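Protein chains in written order, with our numbering: chain A, 3 to 192; chain B, 3 to 192.
The structure appears below as structure tokens.
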């Protein structure tokens with residue numbers, strides 16, 4: 003049994019909370035401004051990218067040593083035309099640098115909230131692409147995702163977060179431009 | 003009626019040739035080493051990325067002013083662990099820089115050859131993501147793709163080639179690691 007803390011109660015935080023519950027594990031959802039310490043073995047940062055630095059500043063001690071899941075997409079949401087992290091880096095790398103003892107995993111950033119709730123994208127099961135350097139952390143998250151009826155694919159080391167963020171940037175741009183719906187996007191066909 | 007030249011007769015060149023034929027347009031396929039001048043209004047560079055510079059060196063005059071379609075993925079194919087273009091650039095940008103009067107379009111790089119031939123990925127129509135700065139060039143290619151029964155989506159300006167190459171890098175890595183099949187990968191759900 004895993005206990006999961008989710009920081010952020012927006013549509014992604016709520017959708018991921020539903021997945022954890024469906025998986026038979028326990029979850030607590032904290033608002034961004036909530037000051038209660040996290041109690042989970044896994045902590046999911048489900049706040050918008052610009053809020054991550056504030057969460058880390060306030061909770062670095064609590065996050066030390068834990069599995070920390072970064073779901074963010076560091077877009078320039080004014081232009082939808084660029085990522086705001088350096089081209090050779092990623093939001094996940096910034097978080098790993100800021101939390102050197104945490105086991106940082108990138109996941110869920112390529113999934114629209116509606117597809118997490120529906121557990122399907124088109125006719126395919128919703129697939130969570132997971133990148134990280136700690137195999138146990140990835141396995142723990144994989145177990146939760148698959149127990150909830152979604153698919154999980156190990157996308158490789160944390161450095162692949164760069165490509166996961168690029169994919170999501172593209173997907174968000176297509177949805178914002180009404181080329182795909184927010185309930186569609188990229189499905190993974192095995 | 004468009005006339006299309008494809009340079010490269012590997013599995014991608016053959017699959018794209020099939021699409022052009024199915025669309026009711028005309029096509030010539032030239033091997034990489036072929037010295038015959040291209041006659042198409044559209045020229046598709048269907049050679050591996052390392053061969054592109056040689057093609058451009060030999061055919062820059064012929065490609066001037068034309069619609070040039072870059073389908074390449076500039077992977078390090080020894081490690082499958084990095085792109086060999088600068089992180090803030092793309093193969094397409096390099097080609098556009100080398101062919102300043104050509105109308106360079108990025109397309110087909112996110113499609114596996116088998117999905118172009120099948121016209122489906124899973125239960126979805128195969129979708130060709132097209133990026134470029136010339137709207138007429140993108141429209142011309144879109145007409146060919148859609149007339150062949152595939153879908154096309156305008157993914158934006160040529161700068162989006164960077165994300166298209168990242169997506170394809172991820173997809174190739176997943177297939178090489180047997181996480182998806184070479185007949186699967188990312189389907190686009192509208």
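The beta-carbon is built from N, C-alpha and C at its ideal position, and this holds for glycine as well.
The structure presented is a predicted model; accordingly, all values stated were derived computationally and were not measured.
Of the listed residues the options, nearest to residue i (C-alpha basis)
i	options	result
residue 36 of chain B	B:9, B:126 and B:140	B:9
residue 94 of chain B	B:26, B:4 and B:160	B:160
residue 180 of chain A	B:190, B:182, B:177 and B:178	B:190
residue 135 of chain A	A:149, A:123, A:71 and A:80	A:71
residue 20 of chain A	A:121, A:184, A:188 and A:170	A:121
residue 96 of chain B	B:29, B:125, B:177 and B:59	B:59
residue 105 of chain A	A:129, A:6, A:137 and A:178	A:137
residue 116 of chain A	A:31, A:12 and A:6	A:12
residue 124 of chain B	B:76, B:103 and B:182	B:182
residue 68 of chain A	A:43, A:82 and A:86	A:43
residue 107 of chain B	B:119, B:86, B:130 and B:126	B:130
residue 30 of chain B	B:6, B:149 and B:127	B:6
residue 81 of chain B	B:192, B:178 and B:186	B:178
residue 77 of chain B	A:165, A:186 and A:176	A:165
Whether residue i touches residue j by CB criterion (8 Å)
i	j	result
residue 157 of chain B	residue 132 of chain B	yes
residue 146 of chain B	residue 45 of chain B	no
residue 62 of chain A	residue 101 of chain A	yes
residue 151 of chain A	residue 24 of chain A	yes
residue 172 of chain B	residue 169 of chain A	yes
residue 39 of chain B	residue 74 of chain B	no
residue 184 of chain A	residue 110 of chain A	no
residue 17 of chain A	residue 139 of chain A	no
Range covered by the alpha helix (DSSP H) that runs through residue i
i	result
residue 174 of chain A	163-178
residue 181 of chain B	Where residue 181 of chain B is concerned, there is no enclosing alpha helix (DSSP H), given that its DSSP letter is neither H nor E.
residue 129 of chain A	Per DSSP, residue 129 of chain A belongs to no alpha helix (DSSP H); it is in the beta strand (DSSP E), 129-134.
residue 83 of chain A	That residue, residue 83 of chain A, is in no alpha helix (DSSP H); it is neither H nor E in DSSP.
Cα-Cα separation between residue i and residue j, rounded to whole angstroms
i	j	result
residue 90 of chain A	residue 167 of chain A	12 Å
residue 54 of chain B	residue 154 of chain B	24 Å
residue 33 of chain B	residue 64 of chain B	16 Å
residue 66 of chain A	residue 14 of chain B	48 Å
residue 4 of chain B	residue 57 of chain A	56 Å
residue 148 of chain A	residue 85 of chain A	30 Å
residue 126 of chain B	residue 112 of chain A	19 Å
residue 92 of chain B	residue 83 of chain B	16 Å
residue 192 of chain A	residue 176 of chain A	23 Å
residue 186 of chain B	residue 128 of chain A	15 Å
Exposure label - residue i; buried when at least 16 CB within 10 Å
i	result
residue 88 of chain A	exposed
residue 27 of chain A	buried
residue 188 of chain B	buried
residue 79 of chain B	exposed
residue 98 of chain B	buried
residue 141 of chain B	exposed
residue 52 of chain A	exposed
residue 103 of chain B	exposed
residue 41 of chain B	exposed
First through last residue of the beta strand (DSSP E) which encompasses residue i
i	result
residue 140 of chain B	Residue 140 of chain B -> not in any beta strand (DSSP E); alpha helix (DSSP H) instead, spanning 137-149.
Proximity test, Cβ basis, 8 Å: residue i and chain D
i	result
residue 58 of chain B	In the structure shown, chain D cannot be found, because the protein chains are A and B.
Heavy atom of the ligand SAH within 7 Å of residue i beta-carbon
i	result
residue 27 of chain A	For the structure depicted, the ligand SAH is absent and the ligand set is empty, with no information on it obtainable.
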